[in-house]
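Engineer: Structure incoming, see below.
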Amino acid sequence: MIEFWYLFRQNKGAVVGLACVLVLAVIALLAPWLTPHEPMTVFGDALKVPPFWQEGAQARFLLGTDDLGRDLLSRLIYGSRVSLGIGFFVVAFMTFFGVIFGVIAGSFEGWVDSLIMRSMDILMALPSILLSIVVVAVLGPSLVNTVIAVGIVSLPSVVRVVRASVLMEKKKNYVIASKSFGASWFRIYIINILPNCTAPLLIQATFGFSDGILSAAALGFLGLGVQPPIPEWGTMLSDARSYMESASWLVTLPGLCILVVVVAFNLLGDGLRDALDPKVKRT
Amino acid sequence: MLFVFLRKFLLVIPTLIGASLIAFALIRLVPGDPVLNLLGERGGNPQVVAEMRAKLGIDKPLAEQYWIFLKNALHGDLGDSIVSNRPVAEEFWSRFPATLELAGVSLVWSILLGLPLGILAALRRNSALDYSVIGVSLIGYSMPIFWWGLILVIVFSVQLGWFPVSGRLSVFFEVPPKTGFLLVDSLLSEEGWSAFVDAVKHLVLPSIVLGTIPLAVMARMTRSSLLEVLGEDYVRTAKAKGLSWFRVVYVHALRNALIPIVTVVGLMVGALLTGAVLTETIFSWPGIGRWLVKSVEARDYPVIQGGVLYLAFLIVMVNLIVDLTYLWIYPRMRSRT
Numbered sequence: 468m469i470e471f472w473y474l475f476r477q478n479k480g481a482v483v484g485l486a487c488v489l490v491l492a493v494i495a496l497l498a499p500w501l502t503p504h505e506p507m508t509v510f511g512d513a514l515k516v517p518p519f520w521q522e523g524a525q526a527r528f529l530l531g532t533d534d535l536g537r538d539l540l541s542r543l544i545y546g547s548r549v550s551l552g553i554g555f556f557v558v559a560f561m562t563f564f565g566v567i568f569g570v571i572a573g574s575f576e577g578w579v580d581s582l583i584m585r586s587m588d589i590l591m592a593l594p595s596i597l598l599s600i601v602v603v604a605v606l607g608p609s610l611v612n613t614v615i616a617v618g619i620v621s622l623p624s625v626v627r628v629v630r631a632s633v634l635m636e637k638k639k640n641y642v643i644a645s646k647s648f649g650a651s652w653f654r655i656y657i658i659n660i661l662p663n664c665t666a667p668l669l670i671q672a673t674f675g676f677s678d679g680i681l682s683a684a685a686l687g688f689l690g691l692g693v694q695p696p697i698p699e700w701g702t703m704l705s706d707a708r709s710y711m712e713s714a715s716w717l718v719t720l721p722g723l724c725i726l727v728v729v730v731a732f733n734l735l736g737d738g739l740r741d742a743l744d745p746k747v748k749r750t
Numbered sequence: 031m032l033f034v035f036l037r038k039f040l041l042v043i044p045t046l047i048g049a050s051l052i053a054f055a056l057i058r059l060v061p062g063d064p065v066l067n068l069l070g071e072r073g074g075n076p077q078v079v080a081e082m083r084a085k086l087g088i089d090k091p092l093a094e095q096y097w098i099f100l101k102n103a104l105h106g107d108l109g110d111s112i113v114s115n116r117p118v119a120e121e122f123w124s125r126f127p128a129t130l131e132l133a134g135v136s137l138v139w140s141i142l143l144g145l146p147l148g149i150l151a152a153l154r155r156n157s158a159l160d161y162s163v164i165g166v167s168l169i170g171y172s173m174p175i176f177w178w179g180l181i182l183v184i185v186f187s188v189q190l191g192w193f194p195v196s197g198r199l200s201v202f203f204e205v206p207p208k209t210g211f212l213l214v215d216s217l218l219s220e221e222g223w224s225a226f227v228d229a230v231k232h233l234v235l236p237s238i239v240l241g242t243i244p245l246a247v248m249a250r251m252t253r254s255s256l257l258e259v260l261g262e263d264y265v266r267t268a269k270a271k272g273l274s275w276f277r278v279v280y281v282h283a284l285r286n287a288l289i290p291i292v293t294v295v296g297l298m299v300g301a302l303l304t305g306a307v308l309t310e311t312i313f314s315w316p317g318i319g320r321w322l323v324k325s326v327e328a329r330d331y332p333v334i335q336g337g338v339l340y341l342a343f344l345i346v347m348v349n350l351i352v353d354l355t356y357l358w359i360y361p362r363m364r365s366r367t
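So the sequences go chain by chain: A and B. Counting from 468, one number per residue, gives the positions in the first sequence under the working numbering. Counting from 31, one number per residue, gives the positions in the second sequence under the working numbering.
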C-alpha cells in the first residue's frame, strides 16, 4: 500500500487527476449549497444572458442563462451530480455483473467459459454507441436506461479482466493449498482469489467511469439519453445546438465540463495502471 | 497454418449467430405491442394491425420467425423500411459509401499524423515535444467528439466561413452517382475539378472530428510500443554493431513496434463506426450512422434490425481479416492463438 502510494505520487498527472476527481465529487455532493439558483428555475426576464466575460452579462448569472432563462452555472453544477452519478452506477453495474460472469468463466472453463466469452465477443463486435442506442430503442430513453445501456456495453472489458486474473491466480500455490484443505468453490474463488483481482478491477473501474460518462453524454446528445429538464451535460449540449450562433457559451461550457471530467478520470486510470501493474512498474 | 486460419474462421460463426439473435430479439423485446407503438391511434382498425404484423413478420411462432428472418437475411432480404417503404438492404448500400469515405479519410490522416508523432515522442523521450504529444493525445482520446464537432463548426464554418456546415456536396453541383464515393464521382462528373474541391471542403471538418480519437490512440500506442522495443537487447546489439541510428530505429525497432499497432488499427474500425454515428449526426452526413439514429427515433424496426445485423457482420469480417493478416505477417504469433 505504501509502495503503491509512493509510485502513484511519482506520476504528477495521476495526482492532478485524483485532485480533479475529488474536487468534482465535493462539488457534486454540495451542489445545493454551491449553486446560486435552482437548476430548474426559469427567469423569464433573462433569456440567453451571456457569461461574465461577454458584453451584456448580469452579475447574478455568472456563466449566463440558457434559452429558457435558467442559470447555466447552477445547471452545470447539478450536471456534475448527474454525470458522476451515471458514472458511478455504470461502474457498479459493470463491476457487479462483470465479476459474476468473469469468476464463473474463469473457474469452470470448458463450455460455460466458451459461452460467456463468445457472448462478450458479440457485445464487442457491435459498435458501442450503436449497441447502447439499440438498448435504448428497446427500453426507451431515460436516466435509468442510460445506465443500463452503457453498463451492458462496458461489461466485456470487466469480464475479460476478471477472467484473466482468475485464470492466472488459480494456478498459484495458495489456491492449491486451499483446495487441498477441501475448501468449497465459494471459499476458493470468492474469498481467496477475488481479493487478489482488485488491482486490475480498480483500473478497469476507473476507465469505466470515464467511458461511461462519455457514452452517456453521447446518448444525451443524440436525444436518446437523459431527458430534459434534467441538467445532463450531453442533453444540454444537444438542446443548445439551435443557438450555436447566438449563444455559443451554451455549447462550449457543458462540453468543456465533460472533457475535464473524462480527462481527470483517464489521468487517474493511467496513474493507477502505472502504479499497480507489475509489468509497467520497472520501466 | 491452415488449421489456425480455419479455427479463426469457424469462431466467427457463433459471433454472427449471436449478433443475428440480438438484432432479431430487438423488435420482440419492445415493451407493449410494436405495431400499436407504430400505428398509434390508427391501431384501432384490426385489419391494419394484422397487415402490419404480417409485414413485420411477427404473426408467427418465435422459432419460425427467427428461421424466416435468418433465411431471408442470408438471401440479402432484410425486409422493407416502414418510413420509406424501400428494401432495407438497398437503403443500407446506398448510404454505405458515404460512411466508408468519411471513415477511410479519417483513418488515413490519423495514421499519417499519429505514427510520426508517436515515433518522434518516443525518440525524444521526456522532451517538451514528448510531453505535448502525451498531453494532446490524452485530450484527444478523452474528447467528447460531438462537442468537438460543434466547436469546429462554430469557429471554422460560422465565424470564419472556411468550410461548409453540413452535407457532402453543395446543392448546385450535380454529380451522377457511379461509385458512391464523391471524391471519385466528382472527378468523373462534368463539373470535374470544382466539384471535387467542393467535396473535399465538405470532408475536412467531419474527418477531423472522426479522426481525433484514432489519432490520439495511434500516437500513444506508437510511442509506448516503440519505447518498449527500444529497450530490448537486439536493439542494443544493433547499436553495438555500429549500425546507423536511422537503421536501428526504422529497420530494427519500428518493424517490431508495428505489431501492436496493426492490432490497434483493426480495433479502430469499430471505434470509427461508433464515431461515425455522432459525426454524421453533427454534420448531417448522409451515411449509415445518421440513418440508424433517425430510424431509432422513428421506430423503424426493420431498419434497426437489418442495419445492426449488417454492421455487426461487417465489423466481424474486418476483424477476421485483420486477425488473419496479422498471423500472416507475424508467423510467431500463430503458436499463441
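All C-beta atoms in this analysis are idealised placements derived from N, C-alpha and C, irrespective of residue type, glycine included. Computed from a predicted structure; not experimentally measured.
1. Against chain A, with Cβ distances strictly below 9 Å, would Arg253/B count as a contact?
2. So does the region 701-721 of chain A actually touch the region 515-535 of chain A, counting three or more Cβ pairs closer than 8 Å?
3. Which same chain residues, not among the five before or five after Pro667/A, have their C-beta less than 7 Å away from its C-beta?
4. Check whether the Cβ atoms of Leu303/B and Ile345/B sit closer than 9 Å, and answer yes or no.
5. Go ahead and pull the three-state DSSP assignment for Asp538/A.
6. Can you pull out the residues from the region 167-179 of chain B whose beta carbon lies closer than 9 Å to at least one beta carbon of chain A?
7. Ordered along the chain, which non-local residues of its own chain (more than five positions away) have a Cβ less than 7 Å from that of Asp678/A?
8. With burial defined as no fewer than 16 other Cβ atoms inside 10 Å of the residue's Cβ, what is the status of Asp737/A: buried or exposed?
9. Do Leu593/A and Gly300/B have their CB atoms nearer than 9 Å?
10. Considering just the uninterrupted stretch of the alpha helix (DSSP H) at Leu86/B, what are its terminal residues?
11. Judging by CA-CA distance, which residue of Gly317/B, Leu145/B, Val118/B and Ala270/B is the nearest neighbour of Gly197/B?
12. Cβ of Asn349/B less than 9 Å from any chain A Cβ?
13. Phe33/B CB to nearest chain A CB: under 9 Å?
14. Just confirm the distance between the C-beta atoms of Ala229/B and Leu240/B, as a whole number of angstroms; I'd bet it's less than 8 Å.
15. Would you mind sorting Met248/B into buried or exposed? The rule is 16 or more other CB atoms within 10 Å of its CB.
16. Let's see if you can read the secondary structure: which residues bound the alpha helix (DSSP H) around Pro623/A?
17. Assign Asp580/A to one of three DSSP states: helix, strand, or coil.
18. Which residues of chain A have a Cβ atom closer than 9 Å to the Cβ of Ile52/B, listed in chain order?
19. Using only the alpha-carbon positions, how far apart do Ser124/B and Pro499/A sit?
20. With distances taken Cα to Cα, identify the nearest neighbour of Val558/A among Leu723/A, Phe471/A, Ala616/A and Gly722/A.
21. Strictly under 9 Å for the Cβ-Cβ distance: is Glu327/B near chain A by that measure?
22. Can you check DSSP and say which residues form a bridge with Pro117/B?
23. If Thr293/B sits next to Leu132/B, beta carbons under 8 Å apart, how far is it from one beta carbon to the other, in whole angstroms?
24. Hey, which unbroken runs of the beta strand (DSSP E) at 3 residues or more fall wholly within the region 223-271 of chain B?
25. What does Val614/A reach in chain B if we use C-beta pairs closer than 8 Å?
26. Comparing the C-beta of Gly427/B with each C-beta of chain A, is any distance below 9 Å?
Structural biologist: On the basis of the coordinates in this document:
1. By this cut-off, Arg253/B is not an interface position.
2. The answer is yes - the region 515-535 of chain A touches the region 701-721 of chain A, with three or more Cβ pairs under 8 Å.
3. The beta carbon of Pro667/A sits closer than 7 Å to those of Val628 and Ser632, all from its chain and outside the five residues before and after it, given in chain order.
4. Yes; because the gap between Cβ atoms is below 9 Å, this pair is in contact.
5. Of the three classes helix, strand and coil, the one that applies to Asp538/A here is strand, per DSSP.
6. Hits within the stretch, in order: Leu168, Ile169, Tyr171, Ser172, Met173, Pro174, Ile175, Phe176, Trp177 and Trp178.
7. Excluding residues within five positions, the ones whose Cβ falls inside 7 Å are Ser621.
8. Label assigned to Asp737/A: buried.
9. It is a contact, given that the beta carbons lie within the stated cut-off.
10. Where Leu86/B is concerned, the enclosing alpha helix (DSSP H) stretches over Pro76 to Leu86.
11. The option with the nearest alpha carbon to Gly197/B is Gly317/B.
12. At a cut-off of 9 Å, the C-beta of Asn349/B has a neighbouring C-beta in chain A.
13. Closer than 9 Å: no.
14. Actually they do not touch by this definition, with Cβ atoms about 16 Å apart.
15. Classification for Met248/B: buried.
16. Start and end: Leu610 to Glu636.
17. It is helical.
18. Per Cβ cutoff of 9 Å: Ile589, Leu590, Leu593, Leu598 and Val601.
19. Their backbone Cα atoms lie some 51 Å apart in a straight line.
20. Checked all of Leu723/A, Phe471/A, Ala616/A and Gly722/A; the closest Cα to Val558/A is Ala616/A.
21. In terms of beta-carbon proximity, Glu327/B lines the interface with chain A, with at least one pair separated by less than 9 Å.
22. The partner list for Pro117/B (beta bridge, DSSP) reads Asp110/B.
23. The pair is not a contact, with the Cβ atoms about 23 Å apart (cut-off 8 Å).
24. Within the region 223-271 of chain B, no complete beta strand (DSSP E) run reaches 3 residues.
25. Residues of chain B passing the Cβ test: none, with the nearest at roughly 18 Å.
26. As shown, chain B starts at 31 and ends at 367. That puts residue 427/B outside it, with no answer to give.
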